[in-house]
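Take a look at the structure below.
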Amino acid sequence: MLTKFQRIDLGHFPTRIEYLKNISEELNGPQIFIKRDDCTGLATGGNKTRKLEFILPDVIKNNADLVVTVGAIQSNHARQTAAACAKLGIKCLIVLEQRLAEAPEAYMNSGNIFLNKVFGAEMILCPKERDVKEYAEEIMEERKSMGFNPYFIPVGGSNHLGELGYIECMREIIENPNKDSFTHIVLATGSGGTHAGLVAGKTLYQSDVKIIGISIKDTKSKQENKVFQLAQHCCEYVGCKTPTREDVVVVDGYVGSGYAIPTDGMRDALSLMATKEAILLDPVYTGKAFDGLIDLVRKNHFNSSDRVLFLHTGGSAALPAFEWAFS
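Here it is in structure tokens:
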């Protein structure tokens with residue numbers, strides 16, 4: 032179905048699905064599996080690689096010589112975009128948004144920030160009083176006056192092109208080589224494109240799997256509305272039946288004091304995954320999402336016969352920037 036869309040080979044696909052035997056036994060609930068999109072191969076991996084495979088052909092089609100994108104200081108999307116641009120020989124400019132009231136030095140200089148520098152990206156910090164997208168648009172106008180032909184990629188790569196990557200991921204899940212079937216997919220939901228792509232894929236491939244997004248920023252209603260709109264637009268672009276509102280399920284309550292602000296539940300979830308399965312989560316997305324999954328298991332949201340797939344969207348490259356959160 033997606034063969035009609037242009038795609039650039041950036042990652043190692045399909046990613047593995049592994050059974051989390053130790054954690055499943057520890058929680059004594061459903062069987063829990065993990066989809067290793069932290070191992071997509073580009074710049075320490077992550078979910079944005081799938082999106083960029085479908086976005087970057089449009090960059091080339093438009094003869095752009097400068098990619099501009101936006102994200103938080105420790106944005107995984109920014110790091111993967113910087114890497115992909117380096118591979119394709121396109122300049123990359125990242126407009127970064129400071130979302131923490133007080134940011135330790137490590138947060139501002141290590142982790143993804145350091146890797147952005149390694150990949151040769153230019154970084155500009157958005158003034159706190161400015162809207163980051165509007166500020167990026169002003170910078171693009173300046174670069175146009177300098178002779179560049181810039182192309183804007185939205186936060187998280189969350190648009191109809193990027194979401195094609197997660198329609199493809201849903202196909203991988205359905206057609207996995209072990210023929211494993213799952214009752215639920217659980218993932219972190221933020222900018223919404225990954226979640227929307229899975230929902231679009233569920234519709235396209237007529238799957239009955241239940242998809243649960245654990246919000247890492249917004250309220251349940253706000254996030255559900257955002258994901259639903261993205262999924263609708265994506266399905267219209269692909270030319271398939273659009274999802275129903277009931278297909279989009281978000282659970283909140285695990286954000287804590289705000290985006291990227293550590294919580295005790297996140298720390299416990301990250302520690303459990305590391306010590307039981309030797310898999311690293313991240314403090315902003317997957318750590319909070321897995322905290323939500325653990326809590327749902329303990330609240331008997333799942334039956335013992337359920338088979339739950341946790342989508343690991345990456346982010347462990349940011350861990351050194353959060354050492355202060357674990358001291």
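Take our numbering: the last position of the sequence shown gets the number 358, and nothing is skipped along the way. Beta carbons are placed, not taken as given, at the ideal position from N, Cα and C, and that holds for glycine.
- Where do the N-terminal and C-terminal ends of the beta strand (DSSP E) with Ala-309 fall, by residue? Working through the sequence shown from its first residue, we reach residue 309 at position 278. No beta strand (DSSP E) holds Ala-309; DSSP gives it neither H nor E.
- Arg-67 bridges to which residues according to DSSP? Against the sequence shown, residue 67 aligns to sequence position 36. Per DSSP, His-343.
- Task: Flag this pair as touching only if the stretch 182-190 and the stretch 215-235 have three or more C-beta atom pairs under 8 Å; answer yes or no.
- Result: yes
- Using DSSP with H/G/I as helix, E/B as strand and the rest coil, what is Pro-351? Numbered from its first residue, the sequence shown carries residue 351 at position 320. It is helical.
- Query: With 16 as the cutoff for other CB atoms within 10 Å, does Ile-12 come out buried or exposed?
  - Reply: As shown, the chain starts at 32 and ends at 358. That puts residue 12 outside it, with no answer to give.
- Just the C-alpha distance for Ile-125 and Ile-216, rounded to the nearest angstrom, thanks. What you label residue 125 is simply residue 94 of the sequence shown in a count that begins at 1. What you label residue 216 is simply residue 185 of the sequence shown in a count that begins at 1. Between Ile-125 and Ile-216, the C-alpha separation is close to 31 Å.
- Message: Count Cβ pairs between the stretch 110-127 and the stretch 149-166 that sit closer than 8 Å; are there 3 or more?
- Response: yes
- Task: May I ask you to verify whether the stretch 190-200 touches the stretch 227-239, counting CB pairs closer than 8 Å and requiring at least 3?
- Result: yes
- Query: Is Thr-294 helix, strand or coil when you go by DSSP?
  - Reply: On the sequence shown, position 263 is the one that residue 294 refers to. Of the three classes helix, strand and coil, the one that applies to Thr-294 here is coil, per DSSP.
- Task: Whole angstroms is fine: what's the gap from His-43's alpha carbon to His-343's?
- Result: By 1-based counting over the sequence shown, the position of residue 43 is 12. By 1-based counting over the sequence shown, the position of residue 343 is 312. Going from the Cα of His-43 to the Cα of His-343 covers about 15 Å.
- Query: So what does DSSP say about Ser-246, is it helix, strand or coil?
  - Reply: To locate residue 246, count along the sequence shown from 1; it is residue 215. Strand, per DSSP.
- Item | Distance, Lys-175 Cα to Ala-300 Cα | Here residue 300 refers to the residue found at position 269 when the sequence shown is read from its first residue. Here residue 175 refers to the residue found at position 144 when the sequence shown is read from its first residue. In a straight line, the C-alpha of Ala-300 is about 46 Å away from that of Lys-175.
- Item | Same chain only: Cβ atoms within 7 Å of Asn-147, ignoring 5 sequence neighbours per side | Translated into the one-based positions of the sequence shown, residue 147 becomes position 116. Ala-109, Arg-110, Ala-113, Ile-125, Met-154.
- Item | Limits of the beta strand (DSSP E) - the one that Ile-48 falls within | Taking the first residue of the sequence shown as position 1, residue 48 is located at position 17. That run of the beta strand (DSSP E) goes 48-50.
- Item | Residue span of the alpha helix (DSSP H) that contains Leu-146, given as start and end | As a working note, residue 146 is residue 115 in the sequence shown. Counting along the chain, the alpha helix (DSSP H) containing Leu-146 begins and ends at 143-149.
- Would you say the stretch 56-72 touches the stretch 322-336, given that touching needs at least three Cβ pairs under 8 Å? yes
- Which whole-angstrom value describes the C-beta separation of Asn-180 and Ala-95, a residue pair presumed to lie in contact below a C-beta threshold of 8 Å? Position 149 of the sequence shown, counted from the start, is the residue given in the question as residue 180. Position 64 of the sequence shown, counted from the start, is the residue given in the question as residue 95. At roughly 5 Å, the Cβ-Cβ gap stays under 8 Å, so Asn-180 and Ala-95 are in contact.
- Query: From what residue to what residue does the beta strand (DSSP E) around Val-98 run?
  - Reply: Within the sequence shown, the letter at position 67 stands for residue 98. Start and end: 97-103.
- Which of helix, strand or coil DSSP assigns to Cys-200: On the sequence shown, position 169 is the one that residue 200 refers to. Cys-200: helix per DSSP, three-state reduction.
- Pull up the DSSP beta-bridge partners for Phe-183, would you. By one-based count along the sequence shown, residue 183 stands at place 152. Its beta-bridge partners are Val-99.
- Where Ala-309 and Leu-41 are concerned, what is the direct C-alpha to C-alpha distance, given to the nearest angstrom? Looking up residue 309 in the sequence shown gives position 278. Looking up residue 41 in the sequence shown gives position 10. If you take the alpha carbons of Ala-309 and Leu-41, they lie about 26 Å apart.
- Message: For a minimum of 4 consecutive residues, which ranges assigned as the alpha helix (DSSP H) are wholly contained in the stretch 203-273?
- Response: 224-235, 251-269
- Task: Assuming Asn-78 and Asp-89 form a contact by the criterion Cβ under 8 Å, report the distance between their Cβ atoms to the nearest whole angstrom.
- Result: Reading the sequence shown from its first residue, position 47 is the one you call residue 78. Reading the sequence shown from its first residue, position 58 is the one you call residue 89. Actually they do not touch by this definition, with Cβ atoms about 19 Å apart.
- Go ahead and label Ser-347 buried or exposed: buried means 16 or more other beta carbons lie within 10 angstroms of its beta carbon, across all protein chains shown. For the purposes of this step, residue 347 is identified with residue 316 of the sequence shown, where counting begins at 1. It is buried - the Cβ of Ser-347 has at least 16 other Cβ atoms within 10 Å.
- Task: From the DSSP output, in three-state form, read off Ile-125 for me.
- Result: Numbered from its first residue, the sequence shown carries residue 125 at position 94. Residue state, collapsed to three classes: strand.
- Query: Are Asp-322 and Tyr-285 touching if we call contact CB-CB under 9 Å?
  - Reply: For the purposes of this step, residue 322 is taken as the residue at position 291 of the sequence shown. For the purposes of this step, residue 285 is taken as the residue at position 254 of the sequence shown. The answer is yes: Cβ separation under 9 Å.
- Would you mind giving the Cβ-Cβ distance between Ile-245 and Val-315, rounded to the nearest angstrom? I have them listed as a contact below 8 Å. Position 214 of the sequence shown, counted from the first residue, corresponds to residue 245. Position 284 of the sequence shown, counted from the first residue, corresponds to residue 315. The pair is not a contact, with the Cβ atoms about 12 Å apart (cut-off 8 Å).
- Message: I need the straight-line Cα distance from Glu-160 to Asp-283, nearest angstrom please.
- Response: Here residue 160 corresponds to residue number 129 of the sequence shown, with the count starting at 1. Here residue 283 corresponds to residue number 252 of the sequence shown, with the count starting at 1. For Glu-160 and Asp-283, the distance between alpha carbons rounds to 27 Å.
- Item | Bridge partners - Glu-153, DSSP secondary structure assignment | As a position in the sequence shown, residue 153 is number 122, starting the count at 1. Partner(s): Leu-124.
- Starting from Val-282, follow its DSSP beta bridges and name the residues at the other end. Taking the sequence shown and counting its residues from 1, the one referred to as residue 282 is at position 251. In the DSSP output, where bridge partners are listed per residue, Val-282 has Ile-245.
- Query: When burial is assigned at 16 or more other CB atoms within 10 Å of the CB, is Asp-249 buried or exposed?
  - Reply: Numbered from its first residue, the sequence shown carries residue 249 at position 218. Asp-249 is buried by the Cβ-count criterion.
- Whole angstroms is fine: what's the gap from Ala-132's alpha carbon to Glu-165's? Here the question's residue 132 lines up with position 101 in the sequence shown. Here the question's residue 165 lines up with position 134 in the sequence shown. Rounded to the nearest angstrom, the two C-alpha atoms are 21 Å apart.
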